[in-house]
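Number of protein chains: 2
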Amino acid sequence: MSGVPATSDVPAMSITADSIEQFLERLASQAPTPGGGSAAGIMGAMGAALVSMVCNVSLGKKGLESIETEMLAVRAEAEALRAHLTTLVADDVAAFDALMAAYKLPKNTDDEKQQRAAAIQASLTRATLVPLACARACAQVIALARRAGEQGYKGVVSDAGVGVLAAHAALRSAALNVFINAPALRDQTAAAAYLEEINALVASASLENEAVYTLVRGRL
Amino acid sequence: MSGVPATSDVPAMSITADSIEQFLERLASQAPTPGGGSAAGIMGAMGAALVSMVCNVSLGKKGLESIETEMLAVRAEAEALRAHLTTLVADDVAAFDALMAAYKLPKNTDDEKQQRAAAIQASLTRATLVPLACARACAQVIALARRAGEQGYKGVVSDAGVGVLAAHAALRSAALNVFINAPALRDQTAAAAYLEEINALVASASLENEAVYTLVRGRL
């Protein structure tokens, strides 16, 4: 949950205060934001919410007293991740808008060119780190979905399954934005490190997603 | 888009009028609805919205005049599917709530037992057909995401990628509810047909999801 630079001058819209229908309208529109990055944040947050739901239903169920501590621990982590991913929805919009604004800066003089290039690089870093943070958080949601799916109340195990599917789709979605923005960074060492990390996250998440889905189907 | 029985006596809540944050709160809560089925509908609708976005950005772009007819056709289908999937969010809640209500019907007399069993079977049919309708719609969204990803403006091709990931996760999520409810149907011929259809949808969607993701990554 670290490594995301501070918010730029471009204000982040509080998209998550929109109704679902309004959000879908804005997503479908010609406007570049909200786009896939925001959809990724929402899918990740839905994954975390579903993990919490499995914990909440399991807590207090007769016969499941022995998993209470585990369900409380999973829920605490899931709720922190849900809050983090919800914040990233607006951060993604702000990062993308800042990048577009940087590209539109004047480039008539050498001074302006230098300032524009620096602004683009700073915005590209942010537009790489926000989806990377989203992918990291989704990997943690997937791990929590496994714990909820393995031990949670059988009657809601399918919700843990939907949670892992949502978090996995979110992780791969966020990865697309890292794949786009990291290679344009001038700092090639940083770019390589970001790409190495995201490739590792995508690879392990895909294996884990299938493992948890299979586990959930076995408990239906 | 057919085969879903008429709404039961249990009113469908218009969840999609909730803010995203409110929806996430309700998803995380102990209440059985909204749950994974509603999350599936929203993911599917986000997938359709992202396909529309790719079309909307591509329409009117210089150099892309030759794909205008195709983008208009894809957008028209995507918008119809978005509306359908948005409706299914509330339908899923209504179907699940009706099933729970049927299980709670009195069963003291033979007459009551018979009425309860009939109500459960009717509700189970609906709780199978709603997610099956969701999965069918998501398969169509995936096909549209391919067309948008193949031909749409390169600058938003990642949004087609997120669209296919969202629709695929939604389809597999909806499938879990078919796997749960269909086997409990007394009409084993109908149950077998529903399971055969959902298994075929899951299998082809998984292949298509990877194909479109690879296609999108190649155009980034």
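Order-wise, the sequence lines are chains G and D. Going by my numbering, the first residue of the first sequence is number 94, and it counts up by one from there. Going by my numbering, the first residue of the second sequence is number 94, and it counts up by one from there. Ideal placement from N, C-alpha and C gives every residue a C-beta, glycine not left out.
Taken in chain order, the whole alpha helix (DSSP H) runs of length 4 or more contained in the segment 151-212 of chain G are 161-196. Within chain D, the residues placing a beta-carbon under 8 Å from that of residue 129 of chain G are 143, 251, 252, 254, 255, 256, ordered along the chain.
Sequence-distant Cβ neighbours of residue 235 of chain G in its own chain, meaning closer than 8 Å and more than five residues away, are 140, 257, 260, 261, 264, 298, 301, 302, 305. With its beta carbon less than 7 Å from one in chain D, residue 117 of chain G belongs to the interface.
Secondary structure of residue 112 of chain G (DSSP, three-state): strand.
Three or more beta-carbon pairs separated by less than 8 Å link the segment 179-195 of chain D to the segment 129-139 of chain D, which places the two stretches in contact. Three or more beta-carbon pairs separated by less than 8 Å link the segment 285-296 of chain D to the segment 226-240 of chain D, which places the two stretches in contact. Secondary structure at residue 279 of chain G: coil, using DSSP grouped into helix, strand and coil.
Membership of residue 264 of chain G in the alpha helix (DSSP H) is indicated by the continuous run 250-274. With respect to the 7 Å criterion, residue 127 of chain D and residue 108 of chain D are classified as neighbours on the basis of their beta carbons. Contacts between residue 123 of chain G and chain D, judged by CB atoms closer than 7 Å, involve 149, 150 in chain order. In chain order, 144, 148, 237, 240, 241 place their CB closer than 7 Å to the CB of residue 167 of chain G, counting only its own chain and leaving out the 5 sequence neighbours on each side. As the crow flies, the alpha-carbon of residue 289 of chain D is around 56 Å from that of residue 210 of chain G. Cβ contact annotation for residue 270 of chain D (same chain, cutoff 6 Å, sequence separation greater than five): 130, 224, in chain order.
For the pair residue 120 of chain D and residue 146 of chain G, the Cα-to-Cα distance works out to about 7 Å.
Using a Cβ-Cβ distance cut-off of 8 Å, the segment 211-221 of chain D and the segment 150-164 of chain D are not in contact, since fewer than three pairs of beta carbons, one from each stretch, lie closer than that value.
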